[in-house]
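Keeping their order, the protein sequence lines are chains F and D. FYI, the working numbering numbers position 271 of the first sequence as 741, with every residue one higher than the one before it. FYI, the working numbering numbers position 226 of the second sequence as 251, with every residue one higher than the one before it. We put the beta carbon where it would ideally sit given N, CA and C, even for glycine.
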Amino acid sequence: MIQVESLQKTYPGRKGQPACRAVDSITFSVPKGQLLGLLGPNGAGKTTTVKMLCGLILPDTGRIFVNGKELTRSRIAALADISAVLEGNRNMYWRLTPRENLEFFAALKGINPAKIRGEINHYLERFRLAEKSDVEARKLSRGMQQKLAILVALISQSKVILLDEPTLGLDVQASHEIRQLLKEIVAEQGRTVILTTHDMNVVQDTCERVIIVNQGRVVADDSVHNLLDLFKVRVYKVTIAGELTGEQRASLLSMEEVLIQEELPHQTVVSVRLEKSEVLYEVIGILGSNNSVIESIDQEQNNFERVFLEIVEGGAQVV
Amino acid sequence: MFRKILLMQAFIKKEFIVSKRYLVNSLGGVITLYVIFLLMFGGYQGLRSLAGVGGGTMEGLVAGYVLWLFMLTTYQDAWYTLRTEAQQGTLEQLYMSVHSFGWVMGAKVVAGFFFNLLLVAVLLGAALLTTGVTLNIDLLSLGPVLIGTLLGSWAIGFAIGGITLVLKRIDSYTQMVQFLLIALVAAPAGRVLWMRLLPCSFGSALISRIMVDGMNLTQIGMGDLLLVYGIGLVHLGLGCGIYKLCERKAMLQGTLGHY
Ligand SMILES: Nc1ncnc2c1ncn2[C@@H]1O[C@H](COP(=O)(O)OP(=O)(O)O)[C@@H](O)[C@H]1O
Ligand SMILES: [Mg+2]
């Protein structure tokens, strides 16, 4: 449904600042009906990528296909299939009510508002906005405005919905509600949704697949499930009583996969990242050579946050 | 075509809802514009009695005022829309329409035209009542010339709107355009030939011939009318060209939605 090929964007430097490479050769594709999370720290290039998909920022190089149509060549046709809620969910008029906003933006996307009254009502109910459907948008709560912003994107019937930080600044409850609605919509309507976030919990909870970006590059692209697994299985923590001998330390340090995490007189913790399972046995062998007592071997409990930090901060590459 | 009409309807409806909902603001705007007229009127009378000469007529003043008003609201419609939509972040949505942005803005300014027409009609009525003068409001003659004249206002609006997208700080200087428009209305383009090349000026001169001197379209002649449109279209082309250049720059530096 979406294909992005070697996308690159350098912002011209302003006022004597050097030019900024925001997106550096990003490639990915998203099949129909997938809920993809674009995860990365602030400044990773998520917003830039999304805006390039929307045709609002011109890339230096690279190509974007939406449903087979190339964005730069047939902009209008490609954009007909895309709706977006961009940074700060400002895709609505503050002085119009939710209903009026939905009608206006439907017309903007070429849909006769008179023909979708039923649908508008249905969505307003479902997003629990019906009661406020005739209140000006500026008077709604943040959470409600956010829901309206998403509704405005949904009402266009576009096949692809892009959401830039859809839960940013929301309280836990509102954030939860929005994630739930998104999952339902994708499951029912088979629309393709790409959401960006810097919050790993959102991805872990909502998305099937995650692309992790850092400094404008894709550093991981896998199902959320796999990524979690990968790291969970791969890291073991071996704790022994007492200190390491110099020989043991030298052998361990010569192994790339091993990190001596903690060395105290009474206890030493060694963490092992496994590429092959033999490594763990080898480590156990080394540790056992001094008649050290192995107190425990733990599988590290990894949550998504750890995986994310490991990839982003450790510079690990999992693609 | 049907979808384009839908879009125009949507703009008209939105404009209508907002001006009704914010009626106090809308009326405040009308009253401000009327007060401006009163000041011009008072100043004019003061000047005339001071100098003891009758340079220009009261009819000319009223005609000039409404024409300026129409040009100002038309220009604002283009420029101010671009600026506020960029500020609100809705400009990016307008760019993602199923219509090209040119059509979207076209629908928007055509919708705005009807509201401006209403506003100008009300203030024209008020100005006529205040001064007691009569003008030749020959709609059949005025309409074609007026639209040709307004092409220049749209041109200025798009050009400045485009520049604002790229140089946000230009904002504070845009006030000057109001005075520029006065100069364009007042330019004696009927007599000084090169002034016909200025945006709106020649059209303004023809409109004052109709409203003040009581001429009609046949007396003005096809040649002059075509000239008004020719000049207007050239300006509009230039204005849109400047806008397009600025739009490209904004898309390159990623500032279409920032403010
Ligand atoms: N309009 C712009 N002009 C110059 N630099 C920009 C602009 N927008 C973003 N950047 C820079 O590009 C990088 C990526 O930004 P962005 O795409 O907004 O990241 P994210 O959305 O992941 O936080 C950042 O270093 C940011 O400072
Ligand atoms: Mg961002």
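C-beta neighbour in chain F for residue i, strict 9 Å
{"i": "residue 277 (chain D)", "result": "yes"}
{"i": "residue 282 (chain D)", "result": "yes"}
{"i": "residue 43 (chain D)", "result": "yes"}
{"i": "residue 115 (chain D)", "result": "yes"}
{"i": "residue 237 (chain D)", "result": "no"}
{"i": "residue 46 (chain D)", "result": "yes"}
{"i": "residue 78 (chain D)", "result": "Since pLDDT at residue 78 (chain D) reaches only 45, below the 50 mark, its modelled position is unreliable, and the value read off the structure follows with that caveat. Judged by the 9 Å Cβ criterion, residue 78 (chain D) is not in contact with chain F."}
{"i": "residue 26 (chain D)", "result": "no"}
{"i": "residue 52 (chain D)", "result": "no"}
{"i": "residue 270 (chain D)", "result": "no"}
{"i": "residue 39 (chain D)", "result": "yes"}
{"i": "residue 203 (chain D)", "result": "no"}
{"i": "residue 32 (chain D)", "result": "yes"}
Residue i at chain D interface by Cβ criterion, 9 Å
{"i": "residue 531 (chain F)", "result": "no"}
{"i": "residue 549 (chain F)", "result": "yes"}
{"i": "residue 491 (chain F)", "result": "no"}
{"i": "residue 594 (chain F)", "result": "no"}
{"i": "residue 788 (chain F)", "result": "Unreliable positioning characterises residue 788 (chain F) in this predicted model, as indicated by a pLDDT of 49, which lies under 50. A coordinate reading is not provided."}
{"i": "residue 526 (chain F)", "result": "yes"}
{"i": "residue 578 (chain F)", "result": "yes"}
{"i": "residue 495 (chain F)", "result": "no"}
{"i": "residue 541 (chain F)", "result": "no"}
{"i": "residue 516 (chain F)", "result": "no"}
{"i": "residue 755 (chain F)", "result": "no"}
{"i": "residue 554 (chain F)", "result": "yes"}
Identified DSSP bridge partners for residue i
{"i": "residue 680 (chain F)", "result": "F:507 and F:692"}
{"i": "residue 717 (chain F)", "result": "DSSP, once it has assigned bridges, lists no residue as partnering residue 717 (chain F)."}
{"i": "residue 743 (chain F)", "result": "F:705"}
{"i": "residue 475 (chain F)", "result": "F:533"}
{"i": "residue 687 (chain F)", "result": "F:684"}
{"i": "residue 663 (chain F)", "result": "F:505 and F:631"}
Length of the line joining the Cα atoms of residue i and residue j
{"i": "residue 80 (chain D)", "j": "residue 220 (chain D)", "result": "The predicted position of residue 80 (chain D) is uncertain, since its pLDDT is 47 and thus under 50; a value taken from the coordinates is nonetheless stated next. Using only the alpha carbons, I get a separation of about 21 Å."}
{"i": "residue 681 (chain F)", "j": "residue 675 (chain F)", "result": "15 Å"}
{"i": "residue 710 (chain F)", "j": "residue 752 (chain F)", "result": "15 Å"}
{"i": "residue 592 (chain F)", "j": "residue 651 (chain F)", "result": "13 Å"}
{"i": "residue 133 (chain D)", "j": "residue 663 (chain F)", "result": "30 Å"}
{"i": "residue 756 (chain F)", "j": "residue 716 (chain F)", "result": "12 Å"}
{"i": "residue 55 (chain D)", "j": "residue 623 (chain F)", "result": "36 Å"}
{"i": "residue 90 (chain D)", "j": "residue 158 (chain D)", "result": "13 Å"}
{"i": "residue 68 (chain D)", "j": "residue 61 (chain D)", "result": "10 Å"}
{"i": "residue 609 (chain F)", "j": "residue 226 (chain D)", "result": "45 Å"}
{"i": "residue 248 (chain D)", "j": "residue 260 (chain D)", "result": "18 Å"}
{"i": "residue 555 (chain F)", "j": "residue 103 (chain D)", "result": "25 Å"}
{"i": "residue 195 (chain D)", "j": "residue 177 (chain D)", "result": "20 Å"}
{"i": "residue 97 (chain D)", "j": "residue 207 (chain D)", "result": "9 Å"}
{"i": "residue 720 (chain F)", "j": "residue 740 (chain F)", "result": "13 Å"}
{"i": "residue 166 (chain D)", "j": "residue 548 (chain F)", "result": "45 Å"}
{"i": "residue 77 (chain D)", "j": "residue 70 (chain D)", "result": "Note that residue 77 (chain D) scores 46 on pLDDT, short of 50, meaning its location in the model is unreliable; the coordinates nonetheless yield the value given after this. Computed Cα separation, rounded: 10 Å."}
{"i": "residue 51 (chain D)", "j": "residue 697 (chain F)", "result": "57 Å"}
{"i": "residue 640 (chain F)", "j": "residue 576 (chain F)", "result": "26 Å"}
{"i": "residue 28 (chain D)", "j": "residue 258 (chain D)", "result": "26 Å"}
{"i": "residue 179 (chain D)", "j": "residue 138 (chain D)", "result": "11 Å"}
{"i": "residue 169 (chain D)", "j": "residue 659 (chain F)", "result": "51 Å"}
{"i": "residue 595 (chain F)", "j": "residue 142 (chain D)", "result": "40 Å"}
{"i": "residue 66 (chain D)", "j": "residue 181 (chain D)", "result": "27 Å"}
Pair within 9 Å by beta-carbon distance, residue i and residue j
{"i": "residue 625 (chain F)", "j": "residue 581 (chain F)", "result": "yes"}
{"i": "residue 636 (chain F)", "j": "residue 657 (chain F)", "result": "no"}
{"i": "residue 718 (chain F)", "j": "residue 760 (chain F)", "result": "yes"}
{"i": "residue 507 (chain F)", "j": "residue 667 (chain F)", "result": "yes"}
{"i": "residue 117 (chain D)", "j": "residue 521 (chain F)", "result": "yes"}
{"i": "residue 269 (chain D)", "j": "residue 191 (chain D)", "result": "no"}
{"i": "residue 611 (chain F)", "j": "residue 567 (chain F)", "result": "no"}
{"i": "residue 241 (chain D)", "j": "residue 232 (chain D)", "result": "no"}
{"i": "residue 496 (chain F)", "j": "residue 687 (chain F)", "result": "yes"}
{"i": "residue 484 (chain F)", "j": "residue 112 (chain D)", "result": "no"}
{"i": "residue 464 (chain F)", "j": "residue 684 (chain F)", "result": "No answer is possible for residue 464 (chain F): it lies beyond the span of chain F, which begins at 471 and ends at 789."}
{"i": "residue 670 (chain F)", "j": "residue 778 (chain F)", "result": "yes"}
{"i": "residue 873 (chain F)", "j": "residue 510 (chain F)", "result": "Look at the range of chain F in this structure, 471 to 789, and you will see that residue 873 (chain F) is not part of it."}
{"i": "residue 737 (chain F)", "j": "residue 707 (chain F)", "result": "no"}
{"i": "residue 578 (chain F)", "j": "residue 122 (chain D)", "result": "yes"}
{"i": "residue 107 (chain D)", "j": "residue 186 (chain D)", "result": "yes"}
{"i": "residue 265 (chain D)", "j": "residue 127 (chain D)", "result": "yes"}
What are the complete alpha helix (DSSP H) segments, minimum 4 residues, inside the stretch 570-640 of chain F? 587-596 and 612-625
Which full runs of the beta strand (DSSP E) of 3+ residues lie inside the stretch 30-110 of chain D, going along the chain? Whole beta strand (DSSP E) segments, 3+ residues: zero.
Which residue spans inside the stretch 488-573 of chain F form an unbroken beta strand (DSSP E) run of at least 3? 490-500, 505-509, 531-536 and 552-555
At which residue ranges does the stretch 237-266 of chain D contain complete beta strand (DSSP E) runs of 3 or more residues, listed in the order of the chain? none
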